[in-house]
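In what follows, a structure is listed as structure tokens, so that the remarks can point back to it.
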Amino acid sequence: ELPPAFGAGEYQETETREKLLRQTLVNMGFDEAISYSFIDTKFDGVFETVPGLIDENTAEKYITLRDSVIDGAIRMRSTILSGLLDAVRLNFNHNRRDLKLFELGKVFATTRGENPLPNEQESFALVITGGDIDEDRAMPTRELDFYDAKGAVEAALEAAGIVDLEFETIEAKHLRSGQSASISVGDGPIGFVGRLSDEIAATYKLRQPVFLAEVNLQVAMHSPLETPAYRPLTKFPGIVRDVSFVVDRQTTFSSVRNEIVEQNYELCRNLMFVDIYEGKGLTEDERSITVRLGYRSDERTLIEDEIESLHSQIVAIVEQKLGIKVRF
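Taking this note's numbering as reference, the numbering of the sequence shown is continuous, increasing by one, and the terminal residue is 325.
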């Protein structure tokens, strides 16, 4: 008979959330990869590291092993991407070109002080390339793109309780310009997503677009998991209004959304992106962003006149604050 055990085998604080993240990606068709924590010095400075890992004030940013386990691999990795791209190249060499891979693991960097321990943090990365293969289908239905990678990151982090992600255009050394974005939550950045640059793709001999992302999971999970809140379903119908704004290319959906959210009208319950239009009727520096606003009350049925008045007021403030116009 086994003796009783108390408190043994418990999950650590973030393990349950990481398990949900893994399961979500597996459900989306991803395979989990496990790569070495030791890498070659040739990767020094090749990849942008996740925010919060590297101390730029240190003379030597990377951890060097005195006795390497693998010949030539004397660095402790500062990014998971090098290992994932090795896995992609290996699959390509075996004629497997439709891939969805992810990995959770530790990344390392030096810290300041006398005999300091390395900065060791949990990171999450994924890579996709080729076509999207549906269940029970032998051939891909379409080519994977930037939005597939972005959507996978959002779904995975949301499963782990990390919501309200913000994406902004950035320039990262290992990502192609114009197809890269930073990932932020709360007040600070936690990672990036985008298409692998042509220079790095050439060194790996990857002849098709590769999209990847990496997130500092330790920083992202710093905030505690919020307890779900439940409330009764409303008994009253909602009203939906779409509006298109003519904007310049520097104006993003997030800026339009922020202006609407800041107005904080109680009856405006939902706000979502619908479409971007470029072409006939607009100049080369213009595009049209369409957003959808949902109005609803929990106490009564809304009437057309009050919604028209409220909607017009919201649109007018957005036009004034951002200097944009409605497209009719």
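We put the beta carbon where it would ideally sit given N, CA and C, even for glycine.
Item to check | In DSSP terms, what PHE35 is bridged to | outcome: BP columns for PHE35 point to MET73.
Checklist entry - Would VAL104 pass as a contact of ARG74 if the rule is Cβ separation under 8 Å? => result With a cutoff of 8 Å on beta-carbon distance, VAL104 and ARG74 are scored as near each other.
Checklist entry - Could you give the distance in angstroms between the alpha-carbon of GLN247 and the alpha-carbon of GLU155? => result Rounded to whole angstroms, the separation of the alpha carbons of GLU155 and GLN247 is 28 Å.
Checklist entry - Is PHE242 closer than 8 Å to ILE321 when the C-beta atoms are compared? => result Yes.
Checklist entry - Which residue's Cα is closest to the Cα of ARG266: THR200, THR166, ARG238? => result Of the listed residues, the one whose Cα sits closest to ARG266 is ARG238.
Checklist entry - What are the partner residues of PRO186, as DSSP defines its beta bridges? => result Within the DSSP bridge table, the entry for PRO186 names SER181 as partners.
Checklist entry - Of the residues ARG93, SER285, HIS171, VAL323, which one's Cα is nearest the Cα of LEU78? => result The candidate whose alpha carbon is nearest that of LEU78 is HIS171.
Checklist entry - In three-state terms, what does DSSP make of THR166? => result Here THR166 sits in strand by DSSP.
Checklist entry - How do the stretch 141 to 148 and the stretch 195 to 213 stand: do at least 3 beta-carbon pairs fall below 8 Å, yes or no? => result Verdict: yes, contact present.
Item to check | Nearest candidate by alpha-carbon position, reference THR249, set ASP142, ARG228, TYR274, GLY235 | outcome: Closest in C-alpha terms to THR249, from the list ASP142, ARG228, TYR274, GLY235, comes TYR274.
Item to check | Rounded straight-line distance, which links the Cα of PRO234 to that of ILE300 | outcome: So the two alpha carbons sit approximately 11 Å from each other.
Checklist entry - Which residue spans inside the stretch 227 to 304 form an unbroken beta strand (DSSP E) run of at least 3? => result Whole beta strand (DSSP E) segments, 3+ residues: 236 to 245, 265 to 274, 283 to 292.
Item to check | Residue range of the beta strand (DSSP E) that includes LYS103 | outcome: 96 to 106 is the extent of the beta strand (DSSP E) around LYS103.
Checklist entry - If PHE35 and ARG72 are in contact, beta carbons under 8 Å, what's the gap, nearest whole angstrom? => result Right, the Cβ-Cβ distance comes to about 7 Å (below 8 Å), so this counts as a contact.
Item to check | Range covered by the beta strand (DSSP E) that runs through LEU141 | outcome: Counting along the chain, LEU141 falls outside any beta strand (DSSP E), and DSSP gives it neither H nor E.
Checklist entry - Closest to VAL244 by CA distance: which of ILE60, GLU316, GLU53 is it? => result When each option's Cα is compared against that of VAL244, the closest is GLU316.
Checklist entry - Which residue's Cα is closest to the Cα of ASP326: THR108, THR38, GLY276? => result There is no way to answer for residue 326, as the model of the chain reaches only from -2 to 325.
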